[in-house]
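Per my numbering, the sequence shown runs over residues 220 to 492.
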Amino acid sequence: MRAADWKPEHFKLEVKGKVATITLNRPERKNPLTLQSYAELRDTFRKFCYVEDVKTIVVTGAGGNFCSGGDVHEIIGPLVDMKERGRMDELLEFTTMTGDLIKAMRACPQPVISAIDGICAGAGACIALGSDMRLGTVRSKVAFLFVRVGLCGADMGACNMLPRIIGTGRASEILYTGRAIKGEEAERWGLYNRLCEPEEVLAEAEALAAQLADGPTFAHMMTKKQIHEEWTMGIDQAITAEATAQALCMQTDDFVRAYNAFVAKKTPEFEGN
Numbered sequence: 220m221r222a223a224d225w226k227p228e229h230f231k232l233e234v235k236g237k238v239a240t241i242t243l244n245r246p247e248r249k250n251p252l253t254l255q256s257y258a259e260l261r262d263t264f265r266k267f268c269y270v271e272d273v274k275t276i277v278v279t280g281a282g283g284n285f286c287s288g289g290d291v292h293e294i295i296g297p298l299v300d301m302k303e304r305g306r307m308d309e310l311l312e313f314t315t316m317t318g319d320l321i322k323a324m325r326a327c328p329q330p331v332i333s334a335i336d337g338i339c340a341g342a343g344a345c346i347a348l349g350s351d352m353r354l355g356t357v358r359s360k361v362a363f364l365f366v367r368v369g370l371c372g373a374d375m376g377a378c379n380m381l382p383r384i385i386g387t388g389r390a391s392e393i394l395y396t397g398r399a400i401k402g403e404e405a406e407r408w409g410l411y412n413r414l415c416e417p418e419e420v421l422a423e424a425e426a427l428a429a430q431l432a433d434g435p436t437f438a439h440m441m442t443k444k445q446i447h448e449e450w451t452m453g454i455d456q457a458i459t460a461e462a463t464a465q466a467l468c469m470q471t472d473d474f475v476r477a478y479n480a481f482v483a484k485k486t487p488e489f490e491g492n
């Protein structure tokens, strides 16, 4: 299976070398999500588990914004209608589907990098959280707006991921208040790995993705797997799991390539196996 052959309907997907870039592409509305784009994103990240041509993934938005969250007219309105009709089953089906998008992002073996400019709100902020790394801009604004529409901050894994990234106190503040944090604050709090110029943030994210894609990608996959799984482990269990993971990496040809390159005083050329 090759990602370069996919033609998604609800967002852009471009493969350059070993890097796939997903662009949320409704710039006139600041790239909101619809029921259809949620589902297609979920299915796309699930398929990334089986591709051969993609080693890293970048997520971004078109037109100077990342994602404004769920479309008010195409999602919030229908959800209110479900509530009025007493359809708890339909509401739960929707919230399960949106959470499955984050599960798929965390389960795919490739590192995921978000390139964030402008508005990054609601579900868009959760997609950023679900990424492995986040590059942002000074003018960007990240907001978890669920409280603004009478909902809790426990959406798409936010109450689990956000405290681990920025700390419980800071996470509590922005989940309770729904206030936006600007780029410099997001970097200072550790939500962003670094700040970039708006016109350069996507290029820097893709350059970082290309750097990772040229590295020992089996080892990167194991690192992502262990970071994710060790969230629920005690230290003894984690050390045991890491011993197994590292021993598996020592079975790869990339491990041998790195040693031989070191002996020859050369830069290793990894092949991901």
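From the three backbone atoms N, C-alpha and C, an ideal C-beta is built for every residue, glycine too.
Contacts around residue i, its chain only, beta-carbon distance under 6 Å, and the 5 residues preceding and following it disregarded
i    : result
D290 : P251, T253
K428 : In the sequence as presented, Lys is not what sits at residue 428; that position holds Ala. Hits under 6 Å: V238, T275, V277, I332.
I385 : W408, G409, L410
F264 : A323, M324, C327
R261 : D319, L320, A323
E293 : T253
V497 : The question about residue 497 has no answer here: the residues shown for the chain are numbered 220 through 492.
F437 : T471, G491
Per-residue DSSP class, three states only, for residue i
i    : result
M352 : strand
E271 : coil
G343 : helix
V163 : Here the chain covers residues 220 to 492 and nothing more, so residue 163 does not appear.
K231 : strand
A362 : strand
G372 : coil
I335 : coil
G305 : coil
G289 : strand
R248 : helix
G283 : coil
K226 : coil
M324 : helix
M220 : coil
P297 : helix
Residue span of the beta strand (DSSP E) that contains residue i, given as start and end
i    : result
I384 : Where I384 is concerned, there is no enclosing beta strand (DSSP E), although the alpha helix (DSSP H) it sits in stretches over 377–385.
V238 : 238–243
V357 : It is not in any beta strand (DSSP E) - V357 carries neither H nor E in the DSSP assignment.
First through last residue of the alpha helix (DSSP H) which encompasses residue i
i    : result
S256 : 254–266
C415 : Counting along the chain, C415 falls outside any alpha helix (DSSP H), though it belongs to the beta strand (DSSP E) covering 413–415.
A422 : 420–432
Residues near residue i by beta carbon distance below 7 Å, same chain, minus five either side
i    : result
N412 : M352, R353, L354
M301 : E309, L310
A377 : C345, L348, F363, L394
E449 : A457, A460
D224 : none
P227 : E259, T263
Neighbourhood of residue i by C-beta, 8 Å cutoff - its chain only, sequence neighbours within 5 removed
i    : result
S350 : V278, M324, V331, I332, S333
I400 : K360, V361, A362, I393, W408, L410
K249 : G280, G282, N284, C286, S287, G337, I338
A222 : L232, V234, A239, K266, F267, V270, D272, V273
Whole-angstrom C-beta distance between residue j and residue i, which should lie under 8 Å
i    : j    : result
S359 : G402 : 5 Å
D473 : P417 : D473 to P417, Cβ: 36 Å. No contact.
L364 : G341 : 5 Å
K266 : M220 : 7 Å
N492 : T471 : 6 Å
E425 : T240 : 6 Å
L467 : M441 : 7 Å
A432 : G236 : 7 Å
G343 : R367 : No, G343 and R367 are not in contact; Cβ-Cβ is about 14 Å, not under 8 Å.
Min CB distance residue i to chain B below 8 Å
i    : result
M220 : Given the protein chain composition of this structure (a single chain), no chain B is represented.
Contained alpha helix (DSSP H) runs [length at least 4] in the segment 438–490, N- to C-terminal order: 454–468, 472–482
Uninterrupted alpha helix (DSSP H) stretches inside the segment 388–413 (no shorter than 4 residues): For the alpha helix (DSSP H) assignment, the uninterrupted runs of no fewer than 4 residues enclosed by the segment 388–413 are, from N- to C-terminal side, 402–408.
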